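In what follows, a structure is listed as structure tokens, so that the remarks can point back to it.
Protein chains in written order, with our numbering: chain A, 5 to 108; chain B, 155 to 463.
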């Protein structure tokens, strides 16, 4: 059995999960608000950019699919948190990626 | 600038940035292409909104509304460029007769179920993606090329939404036949979308001036090259297959065909018809043309009436 990953390893994996529309990761968008691993269950807290986000189901699927590929993760629990999100939550790298896509 | 100077500029790989770099014929071709693009994006809004009422969950409804918002943004890009070229876009969008809109006939056939909604995302948005992707890669018009970076990304999401739902519905024995029924009429409808085959096509300035890169038949092939394998991968039948010898997709039924709008059925039994009959049907427009255009123009009409009162 592989050891369970650390929260930082979860974050590293989520840095590879892109927003369904633009080529920017969920981490760089500032959507990842909490990470923990307990008994082979990865727990993720995610905020969405808006209540009317059209991509919540796709994002949840992508997060689950990616984290289940990590050794030591057997279950993924995603909690949607209704925290404020604004463009100031986007990392400089995320802003640069959005600018290249013509949307920042 | 005359055509020869312009063609030399394009040959050098320099983009056209405005009317000062273009000829009359180029501008006419560009405007015609932009009107088709803007109209197509715009009409998808009422078409998809009507279909969204069949969404199985609130989140699915929100996804379609998000897609509609994107499409309106894309329409705005095309109309905004027309306005910059001196076109009266208020008259174009809000005062034009429904029959004079230039979007594909496919959008005149109303989408009446969630099955048809997601196949529209899987097929029609794929057609948009193919057409606009070609323009993005090949257009000689600089402002459009730059604007399409974002459009390309957003259409990817629409396509994924369609494929995700088609895959889910295809796995359920109760839903699969209804999905297949939607595919049966919408697949051929999308083949038709790409227009006249190359040996009958006019408007050669579109290719000659580098407004787009691929011909109608090439674009139809490009669409089939992803649509057909996708449908095969989820166990949905489509009337086309890859000919391994030539590497090209072959349509397995007579094409083009006459369409029964009431039954949403292609009249296979009547065999292939001439493109002149297809063009005549497009010109007549289909069942939802007036309703959708009226919906788009209603707010403007109300506003004008209010201002006049």
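Glycine included, each C-beta is placed from N, C-alpha and C at the ideal position. Small disclaimer: the values here were computed from a predicted structure and weren't measured.
Asked: Residue burial classification, residue 194 (chain B) (beta-carbon count within 10 angstroms, cutoff 16); Found: buried
Asked: Inter-residue CB distance, residue 441 (chain B) and residue 258 (chain B) (contact presumed, cutoff 8 Å); Found: About 14 Å; that fails the 8 Å criterion.
Asked: Neighbourhood of residue 248 (chain B) by C-beta distance below 6 Å, restricted to the same chain and skipping five residues each side; Found: 451 and 454
Asked: Between the CA atoms of residue 10 (chain A) and residue 72 (chain A) - distance to the nearest angstrom; Found: 14 Å
Asked: Assigned secondary structure, residue 282 (chain B) (DSSP; H/G/I helix, E/B strand, else coil); Found: helix
Asked: Per DSSP, cross-strand counterpart(s) of residue 47 (chain A); Found: A:40 and A:81
Asked: Nonlocal neighbours in the same chain, by C-beta distance under 6 Å from residue 385 (chain B), ignoring five residues either side; Found: 392
Asked: Spatial distance of residue 300 (chain B) from residue 235 (chain B) (CA atoms); Found: 12 Å
Asked: Near-chain B residues of the region 39-68 of chain A (beta-carbon distance less than 9 Å), N- to C-terminal order; Found: 55, 56, 57, 58, 59, 60, 61, 62 and 65
Asked: Where the beta strand (DSSP E) through residue 396 (chain B) begins and ends; Found: 394-397
Asked: Contacting positions in the region 75-106 of chain A - beta carbon closer than 8 Å to chain B; Found: 104, 105 and 106
Asked: Residues from the region 11-25 of chain A in contact with chain B, defined by Cβ distance under 8 Å; Found: 24 and 25
Asked: For residue 419 (chain B) and residue 339 (chain B), believed in contact at Cβ under 8 Å, the rounded distance; Found: 6 Å
Asked: Of the listed residues B:373, B:430, B:245 and B:406, nearest to residue 458 (chain B) (C-alpha basis); Found: B:245
Asked: Residue nearest to residue 240 (chain B) in terms of C-alpha spacing, selected from B:184, B:218 and B:207; Found: B:184
Asked: Range of the contiguous alpha helix (DSSP H) that encloses residue 215 (chain B); Found: 212-238
Asked: Span of the beta strand (DSSP E) around residue 404 (chain B); Found: 402-405
Asked: Three-way DSSP call (helix, strand, coil) for residue 26 (chain A) in this model; Found: coil
Asked: Contact under 8 Å by Cβ, residue 370 (chain B) with residue 313 (chain B); Found: no
Asked: Neighbourhood of residue 288 (chain B) by C-beta distance below 6 Å, restricted to the same chain and skipping five residues each side; Found: 366, 367 and 368
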